[in-house]
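S.K.: Before I ask anything, let me first share the structure, which is written out below as structure tokens.
Numbering (the numbering used here), first residue to last: 173 to 312.
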């Protein structure tokens, strides 16, 4: 949760950014911010997917910005991740409340890069506003 004294600024900033730049440019900016944040919150070496998930969640807990779970879809032969308990900026974003998805895309892509993995996260559209879900495309 964003601290109450800062949440008004974040919501106003997010609203204005969407109005001035549009959703696509806002996502691009948030992605870049996420990549920078990954550099400021580096991960130790992780030998397993489970260790990677634990270390990422430890960093997210450090800043109070939610947690995620990694899962493997055997039917699609694909890794996916789902974010929970992330800060919301009111109803901004699609679905409502998911405005920071671009930030998390950059943050987690940056953490994969620290492990030597080149990935692209593709947001999976859901109607669920309490979860942000990405499909992990490896080797892109």
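In this text, a Cβ means the ideal position worked out from N, Cα and C, and glycines have one as well.
Could you tell me the alpha carbon to alpha carbon distance between residue 275 and residue 281, rounded to whole angstroms?
M.R.: Against the chain shown, residue 275 aligns to sequence position 103. Against the chain shown, residue 281 aligns to sequence position 109. Straight-line Cα distance between these residues: approximately 10 Å.
S.K.: Indicate whether the contact test is met: 3 or more Cβ pairs, each with one atom in the segment 243-255 and one in the segment 184-199, closer than 8 Å.
M.R.: Taking 8 Å as the limit for Cβ pairs, the verdict is that the segment 184-199 does not touch the segment 243-255.
S.K.: Using 8 Å as the cut-off, can you tell me whether the segment 229-236 makes contact with the segment 295-311, which would need three or more C-beta pairs spanning the two stretches below that distance?
M.R.: Output reads no: the segment 295-311 does not touch the segment 229-236.
S.K.: For the alpha helix (DSSP H) holding residue 280, just list the boundary residues, first then last.
M.R.: Taking the first residue of the chain shown as 1, we reach residue 280 at position 108. Run containing residue 280: 273-286, per the alpha helix (DSSP H) assignment.
S.K.: Counting only runs of 3+ residues fully inside the segment 216-264, write out the beta strand (DSSP E) ranges in chain order.
M.R.: You should have 239-245 and 250-256.
S.K.: Name, in chain order, the residues that DSSP records as bridge partners for residue 305.
M.R.: The residue you call residue 305 lines up with position 133 of the chain shown. Answer by DSSP bridge pairing, in chain order: 254.
S.K.: I believe residue 225 touches residue 215 by the beta-carbon criterion, under 8 Å. Please report the beta-carbon distance rounded to the nearest angstrom.
M.R.: Counting from 1 along the chain shown, the entry for residue 225 is found at position 53. Counting from 1 along the chain shown, the entry for residue 215 is found at position 43. That pair is no contact at about 11 Å.
S.K.: Enumerate in chain order the residues of its own chain whose CB-to-CB distance from residue 210 is below 6 Å, with the five nearest sequence positions on each side excluded.
M.R.: As a first step, residue 210 is located in the chain shown; it is residue number 38 there, counting from the start. Excluding positions up to five away in sequence, the list reads 279, 282 and 283.
S.K.: Please classify residue 299 as buried or exposed, where buried requires at least 16 other C-beta atoms within 10 Å of its C-beta.
M.R.: Start at 1 with the first residue of the chain shown, and residue 299 comes out as number 127. The residue in question, residue 299, is exposed, as its Cβ has fewer than 16 Cβ neighbours within 10 Å.
S.K.: Since residue 206 and residue 277 should fall inside the 8 Å C-beta cutoff, what is the C-beta to C-beta distance between them, to a whole number of angstroms?
M.R.: Sequence index remark: in the chain shown, residue 206 carries index 34 (1-based). Sequence index remark: in the chain shown, residue 277 carries index 105 (1-based). Their Cβ separation, rounded to whole angstroms, is 6 Å, which keeps residue 206 and residue 277 in contact under 8 Å.
S.K.: Does DSSP classify residue 310 as helix, strand or coil?
M.R.: Locating residue 310 in the chain shown gives position 138, counting from the first residue. In this structure, residue 310 counts as strand in the three-state DSSP scheme.
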